[in-house]
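Novice: Take any residue in the sequence shown, count from 1 to its spot, add 732: that is its number in my numbering.
Yeah, the Cβ is synthetic: ideal placement off N, Cα and C, and Gly gets one too.
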Amino acid sequence: MKYAIRYYSKFGHSEQMAQVVGEVLGVKPESVETPLTEEVDILFVGAGIFLAKVNSCVKEFARTLDPKKVKKVVCFGSCAILDSPVPQIRKIFEESGFNVAAESFTCRGAMGPLHAGHPDAKDLDDLRTFTKQTINAK
733 MKYAIRYYSK FGHSEQMAQV VGEVLGVKPE SVETPLTEEV DILFVGAGIF
783 LAKVNSCVKE FARTLDPKKV KKVVCFGSCA ILDSPVPQIR KIFEESGFNV
833 AAESFTCRGA MGPLHAGHPD AKDLDDLRTF TKQTINAK
């Protein structure tokens with residue numbers, strides 16, 4: 733299986749999470765500013781929420797992709813106030829014609845003292861487990 737990881741990270745949480753996914757997959761995570769030029773079986777996409785929205789860079793990235801070259805998109809992210817960035821990420825990719833996995837991963841992200849320290853070690857361990865389960869699913 734061929735994997736790729738792209739993320740948008742304003743405060744470093746999504747980048748930190750992407751690094752964990754990359755460790756599990758043996759793949760170097762890249763910012764959404766880095767084009768995806770090869771075909772992949774699973775594209776992991778991560779982002780957070782700032783001012784109640786996922787950054788428009790994620791939408792711009794999705795528009796650069798050919799849905800025929802990405803078999804499945806798996807979403808992940810962190811959020812301090814809203815429940816999850818995943819519904820917004822999912823919508824971006826579904827509207828662009830991608831097959832988006834029902835499974836996703838979300839954890840808290842710190843915003844100043846709110847949820848300070850997140851994603852923490854447990855969040856990242858849970859993400860490792862989620863990634864392993866995702867790639868081992870039949």
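Say whether the segment 829 to 839 touches the segment 798 to 818, bearing in mind that this needs 3 or more beta-carbon pairs closer than 8 Å, one atom from each stretch.
Specialist: Because the criterion of three Cβ pairs below 8 Å is met, the segment 829 to 839 and the segment 798 to 818 touch.
Novice: Between which two residues does the alpha helix (DSSP H) containing I867 stretch?
Specialist: I867 -> alpha helix (DSSP H) spans A853 to N868.
Novice: Starting from the Cα of V772, find the closest Cα among R860, M733 and A848 and give me that residue.
Specialist: The option with the nearest alpha carbon to V772 is M733.
Novice: Excluding five sequence neighbours on each side, which residues of the same chain lie with their C-beta closer than 8 Å to the C-beta of R860?
Specialist: Result list for R860: V752, E755 and V756, in chain order.
Novice: Which value, in whole angstroms, describes the spacing of the CA atoms of H850 and F782?
Specialist: Straight-line Cα distance between these residues: approximately 15 Å.
Novice: So what does A812 bridge to, in DSSP terms?
Specialist: Answer is none; A812 lacks a bridge partner.
Novice: Verify whether the separation of the beta carbon atoms of V805 and V777 is less than 7 Å.
Specialist: In contact: V805 and V777 (Cβ atoms closer than 7 Å).
Novice: Going by beta carbon distance, what residues of the same chain come within less than 6 Å of S836, once the five residues before and after it are set aside?
Specialist: Around S836: C807 and V818.
Novice: Since V777 is in the beta strand (DSSP E), which residue starts that stretch and which ends it?
Specialist: Segment V772 to G780, the beta strand (DSSP E) holding V777.
Novice: Is the Cβ-Cβ distance between Y740 and A750 less than 7 Å?
Specialist: In this structure, A750 does not lie closer than 7 Å to Y740 by Cβ.
Novice: The beta strand (DSSP E) that contains S828, what's its start and end?
Specialist: Counting along the chain, S828 falls outside any beta strand (DSSP E), and DSSP gives it neither H nor E.
Novice: For L814, count the other beta carbons within 10 Å of its own beta carbon; 16 or more makes it buried, fewer makes it exposed. Which is it?
Specialist: The residue in question, L814, is exposed, as its Cβ has fewer than 16 Cβ neighbours within 10 Å.
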